[in-house]
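See structure below.
Number of protein chains: 2
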Amino acid sequence: MRFTSETSSDGVSEQLFTLGEIPGALWTPEGVVGTRPLILLGHGGGQHKKAPDILTLAHRLVAECGFAAVAVDVPSHGDRPQHEEYSRIAADNQARVEAGEELAPLIARFQALVARQTVPEWRAVLDAVQQLEHVGTGPVGYWGVSLGCGLGVPFVAAEPRVRAAVLGLGGALASAEDAARITVPVEFLVQWDDERVPRAQSLALFDALASSEKTLHANPGKHGEVPAFERDSTLRFFSRHLI
Amino acid sequence: MRFTSETSSDGVSEQLFTLGEIPGALWTPEGVVGTRPLILLGHGGGQHKKAPDILTLAHRLVAECGFAAVAVDVPSHGDRPQHEEYSRIAADNQARVEAGEELAPLIARFQALVARQTVPEWRAVLDAVQQLEHVGTGPVGYWGVSLGCGLGVPFVAAEPRVRAAVLGLGGALASAEDAARITVPVEFLVQWDDERVPRAQSLALFDALASSEKTLHANPGKHGEVPAFERDSTLRFFSRHLI
Chain A
143 MRFTSETSSD GVSEQLFTLG EIPGALWTPE GVVGTRPLIL LGHGGGQHKK
193 APDILTLAHR LVAECGFAAV AVDVPSHGDR PQHEEYSRIA ADNQARVEAG
243 EELAPLIARF QALVARQTVP EWRAVLDAVQ QLEHVGTGPV GYWGVSLGCG
293 LGVPFVAAEP RVRAAVLGLG GALASAEDAA RITVPVEFLV QWDDERVPRA
343 QSLALFDALA SSEKTLHANP GKHGEVPAFE RDSTLRFFSR HLI
Chain B
143 MRFTSETSSD GVSEQLFTLG EIPGALWTPE GVVGTRPLIL LGHGGGQHKK
193 APDILTLAHR LVAECGFAAV AVDVPSHGDR PQHEEYSRIA ADNQARVEAG
243 EELAPLIARF QALVARQTVP EWRAVLDAVQ QLEHVGTGPV GYWGVSLGCG
293 LGVPFVAAEP RVRAAVLGLG GALASAEDAA RITVPVEFLV QWDDERVPRA
343 QSLALFDALA SSEKTLHANP GKHGEVPAFE RDSTLRFFSR HLI
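Here the protein sequences come in this chain order: A and B. The first sequence runs 143 to 385 under the numbering used here. The second sequence runs 143 to 385 under the numbering used here.
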């Protein structure tokens, strides 16, 4: 793990790093040492590790909860090179949708493929970050919606260190089997008028989670219109389960 | 409006009253005057104005938010005499269910009938309580699930003083038309494994609400198993909209 820059603002330290080929960002309270809860943040499709919603949430998790937060670029996103196979599939999917094919199953198959790479990558990121003396091996949470849900469901299912997760804006097509292996508390976001994920598939993914504590929050609006008050709820959810 | 008793505990004053034939309870911060938000609490079927969930919520609204809370007995409940027609219908419905008829439509029709009486009753209670100098004409909220939702939807639709409502554990069969006239913010509770209200009907009632801000919270469990953390959310919801 190689740190490439360190800045700080308002008491929040931001360290950019690379772990092998994976570029990432780590946020922690400035000038602290000691073990603390760590939230891994999974960005959306076409986004990156420092997208506005990731940055906002990371800063609040650090400043308001004293947690650490980490995000890495998904292959073909942010500072990573275009992945040849993924790019080819994405272009092919685009053509299929224009030819009238249904979007959701294409997205689902694509995310399942990418997850085969990101699950081990993210586990390696956890390994490395938890060795830092200002993070340590405390409880781990996962937050990710849309692509961050499609990749997050197989990750949370595979990684026993994750003790609570916020997921959503994703459907059951690809990940119902993985969801059935998730038993930790989940807060699950649904946009009632989501133009990308059919409502029934969202509800089916929530239904498939094996967690005895899971709570679905649905709000009106399209895929990108999650209301700001859900971020407050995310902070409370992680505080309730990781402290 | 006639007060019949006054007690207090932990800074919360409880005044029992009758308004005509309606027995009620009013909770306010002890020893205060001045206008404050008022929440009308609608109890569940077979319950009454001082049922445990009503009492707990009323005390928290007063102690933690400084609000006033009021609850009255629904006809045939609590300190009210059996209502002859309602009792006859309830017995008839019971017999129909035992004969294999579906429960939800029977409940829906029954609640629509009772609402014709309770909507004007509750409006009269608001009129009277808002004249008290320790309540005043501040913003009004409504909380009610199950029977409190079946009677609450037509009430909230009819009463412009209500500025925010927590509803749920109810279906669309009787009240979709009323729900389509509700435009205030709503937090809507669904029990994912509700044995009394079919899931599709719960979702349809949420869908029917015309509110631009409405948020559905669904949790695993049966009709009576709403998790305790939803009460925290209720307090935050009313604080966000009524202060």
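Beta carbons are placed, not taken as given, at the ideal position from N, Cα and C, and that holds for glycine.
If you draw a straight line from the Cα of B:D195 to the Cα of B:R251, it comes to about 25 Å.
With a cutoff of 7 Å on beta-carbon distance, A:P327 and A:P179 are scored as not near each other. Considering only B:V212, B:P262, B:V256, B:A213, the residue with the shortest C-alpha distance to B:H225 is B:V256. The alpha-carbon of B:W169 is positioned some 5 Å away from that of B:E156. At a Cβ-Cβ threshold of 7 Å, B:L248 and B:A306 do not count as neighbours. For the segment 348-366 of chain B, the residues whose beta carbon sits under 7 Å from a beta carbon of chain A are, in order, S354, K356, T357, L358, H359, A360, N361, P362. Just so you know, the alpha carbons of B:A270 and B:S344 end up roughly 33 Å apart.
Its chain contains E329 as the residues whose beta carbon lies nearer than 6 Å to that of B:T357, once the 5 sequence neighbours on both sides are disregarded; these appear in chain order. Along the length of the segment 307-341 of chain B, whole beta strand (DSSP E) runs at least 3 residues long occupy 328-333, reported in chain order. Residues L161 of the same chain have their beta carbon placed closer than 7 Å to that of B:A266, with the five preceding and five following residues left out of the count. No residue range can be given for A:A370, since it is assigned to no alpha helix (DSSP H) and is classified by DSSP as neither H nor E. Residue pairing by DSSP places A:Q157 opposite A:E148, A:L168 in a beta bridge. DSSP places A:L182 in no alpha helix (DSSP H) but in the uninterrupted beta strand (DSSP E) bounded by 180-184. Per DSSP, the continuous beta strand (DSSP E) segment holding B:G286 begins and ends at 282-287. Contact check for A:Q333 and A:G292: beta-carbon distance about 15 Å, past the 8 Å limit, so the pair fails to qualify.
With 16 or more other CB atoms across the displayed protein chains lying within 10 angstroms of its CB, A:P165 is buried. With respect to A:A322, A:L347 sits apart: the two C-beta atoms are not nearer than 7 Å.
Of B:R258, B:Q272, B:E163, the smallest CA-CA separation from B:P296 is found for B:R258.
For B:L274, no beta strand (DSSP E) segment is defined, and its DSSP state is neither H nor E. With 16 or more other Cβ atoms from the protein chains shown falling within 10 Å of its own Cβ, A:Q189 counts as buried.
Under a 10 Å Cβ-count criterion, A:S354 is classified as exposed, with fewer than 16 other Cβ atoms of the shown protein chains found around its own Cβ. A residue is called buried once 16 or more other Cβ atoms fall within 10 Å of its Cβ, and B:A200 is buried on that count. In the structure shown, B:T357 falls within a strand segment according to DSSP collapsed to helix, strand and coil. DSSP, read as helix, strand or coil, puts A:V216 in coil. In the structure shown, A:V239 falls within a helical segment according to DSSP collapsed to helix, strand and coil. Separation of A:D221 and B:S375 (C-alpha to C-alpha, rounded to the nearest whole angstrom) is 39 Å. A distance below 8 Å between beta-carbons, with the five flanking residues on each side excluded, links A:I324 to the following residues of its chain, in chain order: V295, V298, A299, A307, L351, A352, S353. Apart from sequence neighbours up to five positions away, the residues of its chain that approach B:L203 with a beta-carbon distance below 6 Å are I181, F209, A211, ordered along the chain. For A:F297, the enclosing alpha helix (DSSP H) stretches over residues 294-300. The bridge partners DSSP lists for A:V304 are A:V282. Bridge partners of B:A232 according to DSSP: none are assigned. The shortest C-alpha to C-alpha distance from A:W285 to any of A:T198, A:D349, A:S151 is the one to A:T198. Look at A:A352 here: in three-state DSSP terms it is coil, with no helix or strand label. Assigned with DSSP and collapsed to three states, B:A210 falls in strand.
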